[in-house]
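Engineer: This structure is in structure tokens; I'll ask about it shortly.
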Amino acid sequence: FKDDGSESVGWFIENSLQLHKAPKLDCLIVEVGPRCPVDLDVGKWVENAVNRGVLGLDFNLLWNAEPTSFPKCLYTCDTLVELILSNQILVDVSFQARLPSLLRLDLNYVVYKDEDSLVRLLSSSPVLKWLKVIRHENDNLKNFTVKVSSLKKLVYYGTRQKNEVEVDEVDFDEDVVDEDVVDEVEDDDDDLTKSLVIDSPALTELDLTDELVDYCLIENMPCIDVAYIFYTHNPDDKFLRSLSSVIHLLLYLTKPMVACCNAIKFPRLIELYFFPNNLVDWLDPLMFLLQNSPKLETLTIQNDSRDLPLSWNQPSSIPGCLLSHLEILRWKDYRGRQYEKQLLDYILANSKCLKTVEISLLPTCNLEETRQELESMPRISTSSQLLISTQMEWRFNGMTLS
1 FKDDGSESVG WFIENSLQLH KAPKLDCLIV EVGPRCPVDL DVGKWVENAV
51 NRGVLGLDFN LLWNAEPTSF PKCLYTCDTL VELILSNQIL VDVSFQARLP
101 SLLRLDLNYV VYKDEDSLVR LLSSSPVLKW LKVIRHENDN LKNFTVKVSS
151 LKKLVYYGTR QKNEVEVDEV DFDEDVVDED VVDEVEDDDD DLTKSLVIDS
201 PALTELDLTD ELVDYCLIEN MPCIDVAYIF YTHNPDDKFL RSLSSVIHLL
251 LYLTKPMVAC CNAIKFPRLI ELYFFPNNLV DWLDPLMFLL QNSPKLETLT
301 IQNDSRDLPL SWNQPSSIPG CLLSHLEILR WKDYRGRQYE KQLLDYILAN
351 SKCLKTVEIS LLPTCNLEET RQELESMPRI STSSQLLIST QMEWRFNGMT
401 LS
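What follows is the structure, encoded as structure tokens:
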């Protein structure tokens, strides 16, 4: 049921649950809006669902009430497989919780009684596979620790402006991160105050974007296959080294990461989506990444760099991936600037296994002239196909988005 502002919402849900005669309840999804009465007893609905052996609970409280805590029985439910809590909800686990069947947990813009409540909730879920967290800066936590030995996928997004992100979908788009906020955070020399710690040795997929914490520490992640690293503050070589076993990597390159690119090896990496911050001199870091990724097969470049004057320095040796593995090169928002031409010319001249070159041009450039320049560039792989357009679909790890 989705609230439309009617005062009968509580009556409707309570009577619907009473009329539900089946001994088991598969799923209960409730969203209450800002016009909903604030005296509704949502805890009663939770108790009713738990008593029916519910498998899935999804509560999104968008009303104007203070954050609401749920009854203890929610956190000791043996049957619960999926739990989604969003917005005006207080996660209060001040007791020993037990969720033996929980596989998926979503915590979207909730607040926490304290750090121990988060720790107890996560530690109560011995088979948890999927964790999604969307935070805002007023969720009461200074340190956020994800220590789940069974976890396979973690989606973690921290934003300073709550309304920027919809709960149902988080896309890794350049407009999501406010550049002014990023620059402010990067220039802040204050002592570290907030931290994110990830200690999940079975993790195979990580989606990480955070404007909130001052430091991110990844303790143990030897099985990681897919990583979306869109923004994190103060990344060091230990942070990037924890990603060294990754196979598919989307990397939003920020200034603090530049110094680490030369030191980290990526022996299993076959796909790189390279997305540098528009204030970063990214040419050398990209070449370091290519040198350190001998099995790379697919490279996507999406750059802005505005009017940042970049200079191309040809590397002393050709990256091994160009000589023996790179098959697909995709360049989004190519402008035909001098350093772009030099980099592209170098890749085309040395990529012996190249099969497809796909380039999308910005409409602001001289389309016909740029097209002629691209078609005239020599390619060592004479069988490679050159595709030029003004639009390019976002592709990564087998997914395609407009």
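Residue numbers (the UniProt record's numbering): 1 to 402.
By construction, the Cβ of each residue, glycine as well, lies at the ideal position given by its N, Cα and C atoms.
(1) Using the Cα positions of VAL155 and ASN397, report the straight-line distance between them to the nearest angstrom.
(2) Can you tell me which of the three DSSP states MET399 falls into?
(3) Using the Cα positions of PRO319 and VAL226, report the straight-line distance between them to the nearest angstrom.
(4) If we count Cβ pairs, one from each stretch, closer than 8 Å, do we get three or more for the region 93 to 104 versus the region 121 to 136?
(5) Under a Cβ-count criterion, where at least 16 other Cβ atoms within 10 Å of its own Cβ denotes burial, should ASP187 be classed as buried or exposed?
(6) Within 10 angstroms of its Cβ, does THR400 collect 16 or more other Cβ (buried), or is it exposed?
(7) Anyone know if the C-beta pair for LEU354 and LEU329 falls short of 9 Å?
(8) Let me know if ILE229 comes out buried or exposed under the rule of 16 or more other beta-carbons within 10 Å of its beta-carbon.
(9) Kindly indicate which residue of GLU137, LEU128, ASN143 and VAL127 has the alpha-carbon position closest to the one of SER117.
(10) With H, G and I counted as helix, E and B as strand and the rest as coil, what does DSSP make of TRP312?
(11) Helix, strand or coil for PRO276, going by three-state DSSP, please let me know.
(12) Per DSSP, what are the beta-bridge partners of ARG135 in this structure?
(13) Rounded to a whole number of angstroms, what is the C-alpha to C-alpha distance between GLU174 and HIS233?
(14) Output the boundary residues of the alpha helix (DSSP H) element that contains LEU290.
(15) If THR300 sits next to PHE274, beta carbons under 8 Å apart, how far is it from one beta carbon to the other, in whole angstroms?
(16) For ILE29, which of LEU208, LEU121 and ILE84 has the nearest alpha-carbon?
(17) Given a cut-off of 9 Å, decide if LEU374 and LEU344 are closer than it, judged by their beta-carbon atoms.
(18) On the DSSP bridge list, what partners appear for GLU205?
(19) Hey, PRO201 and CYS216 are a contact pair by Cβ (cut 8 Å); roughly how many whole angstroms apart?
(20) Please state whether DSSP places ASP214 in a helix, a strand or coil.
(21) If you measure between the beta carbons of VAL146 and VAL197, is that distance less than 9 Å?
(22) CB-CB under 7 Å to PRO67, same chain, minus the five flanking residues each way: which ones, in chain order?
(23) CB-CB under 7 Å to LEU203, same chain, minus the five flanking residues each way: which ones, in chain order?
Structural biologist: In short:
(1) Between the alpha carbons of VAL155 and ASN397 lies a gap of roughly 15 Å.
(2) Looking at MET399 - three-state DSSP - the assignment turns out to be strand.
(3) For PRO319 and VAL226, the distance between alpha carbons rounds to 23 Å.
(4) Flag = yes, the region 93 to 104 and the region 121 to 136 touch.
(5) Its pLDDT being 46, under 50, ASP187 is placed unreliably by the model, and nothing is read from it.
(6) An exposed status is given to THR400, since fewer than 16 other beta-carbon atoms sit within 10 Å of its beta-carbon.
(7) Yes, they are a contact pair.
(8) Burial call: buried.
(9) Out of GLU137, LEU128, ASN143 and VAL127, the CA that lies nearest to the CA of SER117 is found in ASN143.
(10) In the structure shown, TRP312 falls within a coil segment according to DSSP collapsed to helix, strand and coil.
(11) When DSSP states are grouped into helix, strand and coil, PRO276 belongs to the strand group.
(12) Answer is GLY158, bridged to ARG135.
(13) Summary for GLU174: the model assigns pLDDT 46, below 50, so the residue's position carries little reliability; its value from the coordinates is reported in the next sentence. Cα to Cα, the separation comes out at about 16 Å.
(14) Per DSSP, LEU290 is one residue of the alpha helix (DSSP H) stretching across 283 to 291.
(15) Right, their Cβ atoms sit about 7 Å apart.
(16) The shortest C-alpha separation from ILE29 is found at ILE84.
(17) Yes, these two residues count as a Cβ contact at 9 Å.
(18) GLU205 is bridged to LYS153 and VAL226.
(19) With 8 Å as the limit, PRO201 and CYS216 do not qualify as a contact, their Cβ atoms being about 17 Å apart.
(20) Looking at ASP214 - three-state DSSP - the assignment turns out to be coil, as it is neither helix nor strand.
(21) Yes. Within cutoff.
(22) Spatial neighbours of PRO67 in its own chain (CB-CB distance under 7 Å, excluding positions within 5 residues in sequence) are listed in chain order as GLN88, ILE89, LEU90 and VAL111.
(23) Cβ contact annotation for LEU203 (same chain, cutoff 7 Å, sequence separation greater than five): LEU151, LYS152, LEU154, MET221, CYS223 and ILE224, in chain order.
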